[in-house]
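A short worksheet on the structure shown next.
Number of protein chains: 4
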Amino acid sequence: MPLRRGRPPTAGLTAQRRDQILSAAMDMFAVRGYDGTSAAQLAEHAGMGMGTLYRYFGSKREILDQVVDRCVGELREALECRSVLRPPDSPAGLVERIRDLSEVLFGMAGTAPRTLRLLLVEANALEDERGCRLMRGQNELAAIVAGLLDHGIEDGWLRRDLDTSALSQAIIALTWPGLLRGVSGGHLTVDPDRYTAAVVGLVTFGLRAPTRVPEPAR
Amino acid sequence: MPLRRGRPPTAGLTAQRRDQILSAAMDMFAVRGYDGTSAAQLAEHAGMGMGTLYRYFGSKREILDQVVDRCVGELREALECRSVLRPPDSPAGLVERIRDLSEVLFGMAGTAPRTLRLLLVEANALEDERGCRLMRGQNELAAIVAGLLDHGIEDGWLRRDLDTSALSQAIIALTWPGLLRGVSGGHLTVDPDRYTAAVVGLVTFGLRAPTRVPEPAR
Amino acid sequence: MPLRRGRPPTAGLTAQRRDQILSAAMDMFAVRGYDGTSAAQLAEHAGMGMGTLYRYFGSKREILDQVVDRCVGELREALECRSVLRPPDSPAGLVERIRDLSEVLFGMAGTAPRTLRLLLVEANALEDERGCRLMRGQNELAAIVAGLLDHGIEDGWLRRDLDTSALSQAIIALTWPGLLRGVSGGHLTVDPDRYTAAVVGLVTFGLRAPTRVPEPAR
Amino acid sequence: MPLRRGRPPTAGLTAQRRDQILSAAMDMFAVRGYDGTSAAQLAEHAGMGMGTLYRYFGSKREILDQVVDRCVGELREALECRSVLRPPDSPAGLVERIRDLSEVLFGMAGTAPRTLRLLLVEANALEDERGCRLMRGQNELAAIVAGLLDHGIEDGWLRRDLDTSALSQAIIALTWPGLLRGVSGGHLTVDPDRYTAAVVGLVTFGLRAPTRVPEPAR
DNA sequence: TATGAATGAGCCTTCATTCAT
DNA sequence: TATGAATGAAGGCTCATTCAT
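In order, the protein sequences belong to chains Y, R, W and C. Take the first sequence: its position 111, counted from the start at 1, is 1510 in the working numbering, and no numbers get skipped. Take the second sequence: its position 137, counted from the start at 1, is 1536 in the working numbering, and no numbers get skipped. Take the third sequence: its position 77, counted from the start at 1, is 1476 in the working numbering, and no numbers get skipped. Take the fourth sequence: its position 179, counted from the start at 1, is 1578 in the working numbering, and no numbers get skipped.
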């Protein structure tokens, strides 16, 4: 092996290439779906040859995996920016967190629809391990809510026998329909505020109270 | 009298064959997805040659359409058996309907997991018109709940400004995660009763009340 | 073998069935071509099941062969009705025969376009032996003209060194374009009289004379 | 200066590949016909995989179109090399052109039998637009002869009421039988000179004169 | 004898992946 | 290292032919 001195000229190149590819993949997968995107289209959109693409990823499948990772990362980041993860100290605070969560998700529907679309729409489209991997986004969200619920139980302001696992998933699912509408057409076709208000109203008082409560939305 | 010559047609053969094919398709599509199932696999699973398959359906796509129709039909039938559609006369009655709905869905997760999986999982996997057709199942459910809500508003025991469209979809979505769990692996991995209880509790009192209410589940 | 007495009930049935099939085949092959006609279409047009069709003919190919035989037969019959085959006794008589021939052919374009279309259009479409068989119609015509030419040579009013084989084929070919036009669209789009006149004029005087001859047509 | 990365494209590769494919297609289509040649056979004969074939042509049909274009081009080129298109100034000159035309065609029967066979044999074999496209070769020839005839009429040495359209087609058709013989078996089985002489004799004097004229051929 | 349901080889076309340059 | 030409298995679909009834 010939001795090389100094920084190799390709330092960072690998990272850059992979980034190029993943960005292109997010665009394409979100719009045309995984199966609807060919490797050739992917390479062209990424501005490189197919060979290059296969140099940095072993298979189209592997690209999907990384795309999912990135989406989940973006989601987590968005959640952390907003103080969604800050532990609440009362039922009201819990509802507040859920409202924040909903707002974050709808915000992403506007700023990063690709990400959301991948996490929501493609998630169940893929079979076997692929699907499982994509479910991570949803599991992540559910875990967060479950954490909030568990916290409430530990603190004593939520009943001990709550099924936090089931409940957290159900709460997350509440946002799906609105998000799907906002993400499918490529632009928002539902009013995020109204949808968030409906969800918050539901988790706050159930169906009973809204008949009397004048101001469930913020 | 025109003499009937030749082999008399087996009574109901067409119906039987189509049924065979649709059953096989439900199995395959539910497990491997529409795109993941080839016509050859379909034919083999149906116990016939490909030519036979194409004798009874013009295209693979047409089979999907019929499968969806059948799924939606099964869903509607299941809902009608249980008196889900009977109009409630109070918030409590509304919650009761939602509980019924949830139980019907979880019941199907046990008795007809293929149907549910198609309606829930494949629904968003297919692009364009195909997806739209599959969304029918979810729209059907949402329409039922929206009907219940609207009824409550007309009767005066629900607030007039409720966003019944958004709310109905959100309520339906509440059941998804539990159903998905019960449907993905091919067998139930979640306790239907617990999940239903969680959902009913949520729509009854929101997150606030459960801390005090001793008996939200049935 | 059980002894049968009297005329078997199916006497003539075979002939009738074969006739049914061949008639249908002439219709279909002439309009949609041999490759463009499926066995199922053939059977339906013949008013019977596919199995019956295969009882009377070993293969679709065999049907074509018989269709060609029938076409050639029709052609020969048409030629015999008109006294085309009657030996001429002078160059003028020869031209007269050729005019008759042309008129017979154009007559068939009106009365039996299927036959002509098969003989002309399908003739070269089929490979190998199939094509050869179809060429029979054209060979038959050429043989007739060659006979007329040979007769003239023997009688002394045609030059001995005429290439009667080549010439006869060339003369027959003269009619093709006009016939094709009259046969392709399903109805005559060319005036048979004009075309015949042009052909007769050509074989009568060549290109030179028509400039001076006032009446080459009949 | 944008640095060229990767493997430099082989100069003219596309042209070479397309040529390879078209050559193979001319071979196959001429021998087995368009419908009788599968894409797989085509690819094998061209010495490449099917995928490669489809890289250079969008469909089998597109290959046929290009093959036809090429055939027509070859035909036109052959006609232009020989001064077939030079306007004649007398009936004798016209006959000379027709002789040239005949010789060109028979020349092609020897040097490019595939081309001729496609133009003559496949022309009427294909239905619809495909056939129309293939007819171009024959129309091209007829147009040339019609042009010569029209020229003669304008110059006054051909009768005004000649049906130049019908006549031109008839004259072209004169050569077909000889060409077909020379083309079908893959090698000439008819003597081009004799056939040309017969045709030229016919168009020169009709059937009448040859009995007295000692030297109609060149 | 007549039927038409059943078959499966074969057709055209696509695309993930490889590899010579 | 980057490229994109090449590959061939696989997909959806057709149809000549067979055979149980």
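Cβ coordinates follow ideal geometry from the N, Cα and C atoms, glycine included. Given the structure is predicted, the values throughout are model-derived calculations rather than measurements.
Just the Cα atoms here: how many angstroms apart are residue i and residue j?
{"i": "Gly1674/R", "j": "Glu1539/R", "result": "A question about residue 1674/R goes unanswered here, because the residues of chain R that appear run from 1400 up to 1617."}
{"i": "Pro1615/R", "j": "Gly1581/Y", "result": "The pLDDT assigned to Pro1615/R is 40, lower than 50, so where the model puts this residue is not dependable; a value taken from the coordinates is nonetheless given after this. Whole-angstrom Cα-Cα distance: 33 Å."}
{"i": "Gly1605/Y", "j": "Leu1547/R", "result": "15 Å"}
{"i": "Arg1485/C", "j": "Ile1552/W", "result": "37 Å"}
{"i": "Thr1603/Y", "j": "Pro1591/R", "result": "24 Å"}
{"i": "Thr1510/C", "j": "Ala1423/Y", "result": "53 Å"}
{"i": "Glu1443/C", "j": "Pro1512/C", "result": "22 Å"}
{"i": "Gly1600/R", "j": "Ser1437/R", "result": "44 Å"}
{"i": "Gly1577/C", "j": "Ile1571/W", "result": "12 Å"}
{"i": "Leu1412/R", "j": "Asp1560/R", "result": "54 Å"}
{"i": "Arg1498/R", "j": "Met1447/Y", "result": "54 Å"}
{"i": "Val1598/Y", "j": "Asp1434/R", "result": "34 Å"}
{"i": "Gln1440/R", "j": "Gly1432/R", "result": "12 Å"}
{"i": "Ala1522/R", "j": "Thr1514/Y", "result": "19 Å"}
{"i": "Gly1450/R", "j": "Thr1563/R", "result": "48 Å"}
{"i": "Leu1478/Y", "j": "Arg1460/R", "result": "40 Å"}
{"i": "Gly1536/R", "j": "Arg1417/Y", "result": "40 Å"}
{"i": "Ala1508/R", "j": "Leu1500/R", "result": "12 Å"}
{"i": "Glu1473/W", "j": "Cys1480/W", "result": "11 Å"}
{"i": "His1550/W", "j": "Leu1579/W", "result": "30 Å"}
{"i": "Arg1469/W", "j": "Gln1419/C", "result": "43 Å"}
{"i": "Val1544/R", "j": "Val1494/R", "result": "10 Å"}
Are the CB atoms of residue i and residue j nearer to each other than 7 Å?
{"i": "Tyr1455/R", "j": "Ala1565/Y", "result": "no"}
{"i": "Gln1465/W", "j": "Leu1519/W", "result": "no"}
{"i": "Ala1596/C", "j": "Gln1568/C", "result": "no"}
{"i": "Asp1489/Y", "j": "Trp1556/Y", "result": "Looking at the sequence shown, residue 1489/Y is not Asp but Ser. Result yes, Cβ atoms of Ser1489/Y and Trp1556/Y sit closer than 7 Å."}
{"i": "Arg1475/R", "j": "Pro1487/R", "result": "no"}
{"i": "Leu1463/W", "j": "Thr1574/W", "result": "no"}
{"i": "Leu1533/R", "j": "Val1467/R", "result": "yes"}
{"i": "Ala1445/C", "j": "Arg1516/C", "result": "no"}
Which residues bound the alpha helix (DSSP H) around residue i?
{"i": "Ala1439/R", "result": "Ala1438 to His1444"}
{"i": "Phe1456/R", "result": "It is not in any alpha helix (DSSP H) - Phe1456/R carries neither H nor E in the DSSP assignment."}
{"i": "Pro1490/C", "result": "Pro1490 to Thr1510"}
{"i": "Thr1409/C", "result": "Where Thr1409/C is concerned, there is no enclosing alpha helix (DSSP H), given that its DSSP letter is neither H nor E."}
{"i": "Tyr1433/C", "result": "That residue, Tyr1433/C, is in no alpha helix (DSSP H); it is neither H nor E in DSSP."}
{"i": "Arg1593/W", "result": "Pro1591 to Phe1604"}
Anything in chain Y within Cβ reach of residue i, meaning under 9 Å, just list it in chain order.
{"i": "Ala1439/R", "result": "Chain Y residues near Ala1439/R: none, gap ~18 Å exceeds 9 Å."}
Would you mind telling me which residues of chain Y sit closer than 7 Å to residue i, beta carbon to beta carbon, in chain order?
{"i": "Val1598/R", "result": "Ala1569"}
{"i": "Asp1434/R", "result": "Asp1434"}
So residue i contacts chain W; which residues on that side make the cut at Cβ distance below 7 Å?
{"i": "Leu1573/C", "result": "Ala1569, Ala1572 and Leu1573"}
{"i": "Arg1593/C", "result": "Asp1562 and Ala1565"}
Strictly below 7 Å CB to CB, what residues from chain C border residue i?
{"i": "Pro1576/W", "result": "Gln1568, Ala1569 and Ala1572"}
Looking at the ligand MG, does it come within less than 6 Å of residue i, judged from the CB to the closest heavy atom?
{"i": "Arg1558/W", "result": "Ligands displayed in this structure: none; no statement on the ligand MG is therefore possible."}
- prompt: Just by C-beta distance, which residues in the region 1466-1496 of chain C are closer than 9 Å to chain W?
  reply: Answer set for the region 1466-1496 of chain C: Pro1490, Ala1491, Leu1493 and Val1494.
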